[in-house]
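One structure is given here, and the rest of the page talks about it.
Number of protein chains: 2
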Amino acid sequence: MSEKNEPGSSPLAGVRVLDMSQYEAGAACTEVLAWLGADVVKVENPRGGDPGRRSYKDATDMDSWYFLLFNANKRSIAVDAKSPQGLDLIKSLAAKADIFVENFGPGVIERLGLGWEVLREVNRKLIYAQVKGFGRGSANERTLAFDMIAQAAAGLTSVNGFADGPPVRLGITLGDTGTGMLLAISILAALHRRAATGRGEHLHVAMQDAMLHYNRIGFSAQALRGKATARAGNKLVSGVNPPCGLYHCKPFGDNDYVCVYTSHNNPDHWRRVLEVIGRPDLIGDSRYATQAARVEREAEIDRLMSGWAANHDKYEAERLLGSAGIPAGAVRDTQELHDDPNFEERGIMQWIDHPVRGRFKMPGWPVQHDGATPPIRPAPMLGESERDVLAEWLGVIPPHEAAGSPGTGADGTKGGSQ
Amino acid sequence: MSEKNEPGSSPLAGVRVLDMSQYEAGAACTEVLAWLGADVVKVENPRGGDPGRRSYKDATDMDSWYFLLFNANKRSIAVDAKSPQGLDLIKSLAAKADIFVENFGPGVIERLGLGWEVLREVNRKLIYAQVKGFGRGSANERTLAFDMIAQAAAGLTSVNGFADGPPVRLGITLGDTGTGMLLAISILAALHRRAATGRGEHLHVAMQDAMLHYNRIGFSAQALRGKATARAGNKLVSGVNPPCGLYHCKPFGDNDYVCVYTSHNNPDHWRRVLEVIGRPDLIGDSRYATQAARVEREAEIDRLMSGWAANHDKYEAERLLGSAGIPAGAVRDTQELHDDPNFEERGIMQWIDHPVRGRFKMPGWPVQHDGATPPIRPAPMLGESERDVLAEWLGVIPPHEAAGSPGTGADGTKGGSQ
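Structure follows, in structure tokens:
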């Protein structure tokens, strides 16, 4: 990132985010803003903080890995929003913030007295962003939603899995993170507009609605066929150009597969495949010469591919196909990815030193800005940034330091996390 | 959208995007910018244009549904980038653009003579954004990648599906659209920085790297267990709080399931479930009282849930569970979602009048800005915007109109698509 060359020049340096998000949909959104240089301050309840700290935990009392991976580069203050003093403090911070994010259950933030109608009076420039499960004005608007509920309700589950099996939840939390990414886009667009207008705005996204956006491939197949898009396993829901799919490689473990895709827009892929699998005799054979012909004989083509794949390990298969100009990739598991040093060499994964968990590696922001990805800092301990945030945002100096202990105070010169 | 109140005030109004993207990863990125008000001009080859126009096509010669869903709100000009005149024209447009986006195969844009090193000399303020399959400096950097390759190579495939089955490609094109969303975030962050510095920058994202971002739940489970995250079907890869999963509802069709999730952070969900399924006698029963106890008896709990679900259709099950405060949602298929008028009432799906395809409905940008989503305009026909774009961006007036036919010309007053 160019901040290496120019200290303080992260893309979002100087942008303040008051972050009342929890778990993942909101937290993933504000983590991106933090990675890109915004000062993101999590406001957490003093009784344990963001419940994500306790989600999917091991037997220790340390913050969960789940929390650590979705809250990097942020700061934390502990505030009881249900006390009058806490509420006042949050409003004071909102007056200094550019962006406010929350993803509580339906109606919670309004009952706390921190709804859009309230905070816009506190700060006319505030961009106020909310994530809910179902949209305002939908029959389910009061229903609690978590990731897998949004996936199911938006049809992702219906198109995932095999035609002869049940619908399957995506193995990732797209309902959360995918929604958070869309909200981040709208927040940054609103920030752009605000530079011209001086006005904040109210952003609202429902997880179900956000998941429709990620299901557009399903809707295009629906339009093509005029009926509900069916599950297609390792083929494509929109139609296929054989060979396409996963082929089992030696030594035939759970994830020993190579994924192969050939494009309907490049007939030469099929010729290249025949060279690689040692069947140049079939080049030009009319039984396989067109996409339609190969669709007709897909089972036969899959047997050819499987027979070849069985003689190679997945990385060898990837290399042989890839170097011949055929889109291909080995199925990797999380352990293989974690252990691959290339991701850290390129700044895609980074090592973190956490004060309690110690040293570990995690994925950061994958987009390179001028050749480098942003550096990752560990997620905050609950309430650890209170003094710095109060000093920097509000100019409040703790009484016993008012005489001026070095390096702290309202002038913000400490500001260690920026 | 507040543009209803203030004409021309879309968040990104006035931002110019020179769009050399094709298919989906780049096209999804620039479509978002277009929805939010940027003037996105697709530069397409005159011989058919973006190959996405022909992807997953029906038997007609009309643009594919796939193209229409990923290129709304854009304009199109046809330019032969391989001719000297075409190359000059693209450079002239780049001089007027704020953002440039491309996702050709490795090395293609540089061979065309439109690499970052060239265009930065043309326009120092240009934000130059690229999508590739694999990262620069990775072993696969020259390998062609399509959506499912990126999914496989980033471990999404390894965590999707059932433990006793093979890895499964996600039924959606997250490798494409998911990457495009991350690039859009970096583009808008760069635009924010540029307002202060006056400098453009070079953005680069690889689909494999972007997919690691969406697999953070897999990496947090990996950190928790110290081994590769396994497929968990309709449970969670990170661990589960029963009941959790999909339960088959009458009339037992392919997508007649209700999805139920109970939170480990809210023990009351289990009590509510017992009330709804008519087993209040089990409230407080120590055999099920804790998460650990329910994990122990998960198969038994799933049988209880399945027995109840079998007596209801999925929407009834959703309503009964949801109104009792239990996170729940019916699995919907694309047809049900397409036909549900609530999405159009809320602006999440919108009706389009396309000059060739006619009237159809598609999902748009799901985030509400000040209470409304942005309006959708149909994807452009190949080359249809040439005259307007040349006039508005370059001040070029076609010779036969130079005398000043009303409403067109270099002053940009026509600008129909803005």
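These protein sequence lines are chains A and X, in that order.
The letter at position 27 of the first sequence is residue 27 when you use the working numbering, and the numbering goes up by one with no holes.
So the number in the working numbering is just where the residue sits in the second sequence, counting from 1, plus 1000.
A virtual CB, placed ideally from N, CA and C, is assigned to each residue, including glycine.
The structure displayed is predicted, hence computed values, not measured ones.
* Would you say L1236/X reaches chain A, if we count a Cβ-Cβ gap shorter than 9 Å as a contact? -> Yes, L1236/X counts as interfacial toward chain A.
* If we call anything under 9 Å between Cβ atoms a contact, is S76/A one with M381/A? -> In terms of Cβ geometry, S76/A and M381/A form a close pair [threshold 9 Å].
* Between N140/A and Y23/A, is the Cβ-Cβ spacing less than 9 Å? -> Contact: no.
* **Burial state of T1408/X (16 or more Cβ within 10 Å)** => Here the model assigns T1408/X a pLDDT of 38, short of 50, so the residue's position is not dependable, and the following value carries that caveat. With 16 or more neighbouring CB atoms inside 10 Å of its own CB, T1408/X falls in the buried class.
* **Nearest to V1101/X (by Cα), restricted to the options F1146/X, F1134/X and T1179/X** => The residue among F1146/X, F1134/X and T1179/X with its C-alpha nearest the C-alpha of V1101/X is T1179/X.
* Asked: On the three-pair Cβ rule with 8 Å, is the segment 1011–1027 of chain X touching the segment 1043–1052 of chain X?
  -> Counting C-beta pairs with one atom in each stretch, the segment 1011–1027 of chain X and the segment 1043–1052 of chain X have three or more that are closer than 8 Å, which means they touch.
* As assigned by DSSP and simplified to three states, the class of D254/A -> In the three-state scheme derived from DSSP, where H, G and I count as helix and E and B as strand, D254/A is classed as coil.
* In chain order, what residues of the segment 213–233 of chain A put their CB closer than 8 Å to some CB of chain X? -> Of all residues in the segment 213–233 of chain A, those with a C-beta nearer than 8 Å to a C-beta of chain X are H213, Y214, N215, R216, I217, G218, F219, S220, A221, Q222, A223, L224, K227, A228, T229, A230, R231, A232 and G233, reading in chain order.
* Give the residues from the segment 1324–1338 of chain X that approach chain A closer than 8 Å (Cβ to any Cβ), ordered along the chain. => Per Cβ criterion, the list reads G1325, I1326, P1327, A1328, G1329, A1330, V1331, R1332, D1333, T1334, Q1335, E1336, L1337 and H1338.
* Pick helix, strand or coil for F360/A, following the three-state DSSP scheme. => In the three-state scheme derived from DSSP, where H, G and I count as helix and E and B as strand, F360/A is classed as strand.
* To do: Starting from the N-terminal side, write out each stretch of the alpha helix (DSSP H) that is 4 residues or longer and does not extend beyond the segment 66–114 of chain A.
  => Whole alpha helix (DSSP H) segments, 4+ residues: 84–96 and 108–111.
* Tell me whether the beta-carbon of V295/A lies closer than 9 Å to the beta-carbon of I1172/X. => No, the Cβ-Cβ distance between V295/A and I1172/X is not below 9 Å.
* To do: Assign L36/A to one of three DSSP states: helix, strand, or coil.
  => In the three-state reduction of the DSSP assignment, L36/A falls in the coil class.
* **Partner residues on chain X for I348/A, Cβ-Cβ distance less than 7 Å** => From the beta-carbon of I348/A, the residues of chain X found nearer than 7 Å are G1135, D1209 and L1212.
* Residue range of the alpha helix (DSSP H) that K314/A falls in? -> Its alpha helix (DSSP H) spans residues K314 to S323.
* State yes or no: is the beta carbon of L119/A nearer than 9 Å to at least one beta carbon in chain X? => It does not; no Cβ of chain X falls within 9 Å.
* Does any C-beta atom of chain A lie closer than 9 Å to the C-beta of A1309/X? -> No, no contact with chain A.
* Could you name the residues of chain X that T173/A contacts, counting a contact when the two beta carbons are closer than 7 Å? => Those within 7 Å of T173/A in chain X are I1217.
* **Three-way DSSP call (helix, strand, coil) for A154/A in this model** => Reduced to three states, the DSSP call for A154/A is coil.
* **Short Cβ contact (9 Å threshold) for F162/A with V1168/X** => Yes, the pair counts as a contact, with Cβ atoms nearer than the cut-off.
* Asked: Beta-carbon of P1046/X versus every beta-carbon of chain A: anything under 9 Å?
  -> Taking Cβ atoms only, chain A never reaches closer than 9 Å to P1046/X, which makes this a no.
* **Segment contact flag, the segment 1207–1225 of chain X with the segment 384–397 of chain A, C-beta cutoff 8 Å, min 3 pairs** => Not touching, per the Cβ criterion.
* Could you give the DSSP three-state label for W393/A: helix, strand or coil? => When secondary structure is reduced to three states using DSSP, W393/A falls in the helix class.
* Just the chain X side, please: which residues come within less than 8 Å of E345/A by C-beta, in chain order? => Ordered by position in chain X, the residues that pass the 8 Å Cβ test against E345/A are G1137.
* Quick one: which chain A residues come within Cβ less than 7 Å of T1290/X? -> For the C-beta of T1290/X, not a single chain A residue is nearer than 7 Å; the gap to the nearest is close to 14 Å.
* To do: Please report the residue range of the alpha helix (DSSP H) in which M1181/X lies.
  => Per DSSP, M1181/X belongs to the alpha helix (DSSP H) from L1174 to T1197.
* To do: Give me the Cα-Cα distance between A330/A and A1206/X, rounded to the nearest whole angstrom.
  => Approximately 16 Å, taken between the alpha carbons.
* **N- and C-terminal bounds of the beta strand (DSSP E) containing W1351/X** => Here the beta strand (DSSP E) through W1351/X covers M1349 to H1354.
* Are the C-beta atoms of T30/A and some chain X residue less than 9 Å apart? -> No - not a single Cβ of chain X is within 9 Å of the one on T30/A.
* Collapsed DSSP secondary structure at M211/A in the structure displayed -> Three-state result, M211/A: helix.
* Asked: Would you call the CB atoms of N107/A and A145/A closer than 9 Å?
  -> Asn is not the amino acid found at residue 107/A; the sequence shown has Gly there. Between G107/A and A145/A, the C-beta spacing is not below 9 Å.
* Asked: What residues match up with D19/A in a beta bridge as DSSP calls it?
  -> Under DSSP, the beta-bridge partners assigned to D19/A are K42/A and V101/A.
* Among I149/A, L337/A, L212/A and T290/A, the one whose alpha carbon lies nearest that of A1152/X -> With distances taken between Cα atoms, A1152/X lies closest to L337/A.
* Quick one: grab the DSSP three-state call for G239/A. => Taken through DSSP and simplified to helix, strand or coil, G239/A comes out as coil.
* Asked: Say the cut is 8 Å; is the CB of D1340/X nearer than that to a heavy atom of the ligand ATP?
  -> By its list of ligands, the structure shown contains no ligand whatsoever, and the ligand ATP lies outside what it can speak to.
* Backbone secondary structure at H264/A - three-state DSSP -> Correct three-state label for H264/A: coil.
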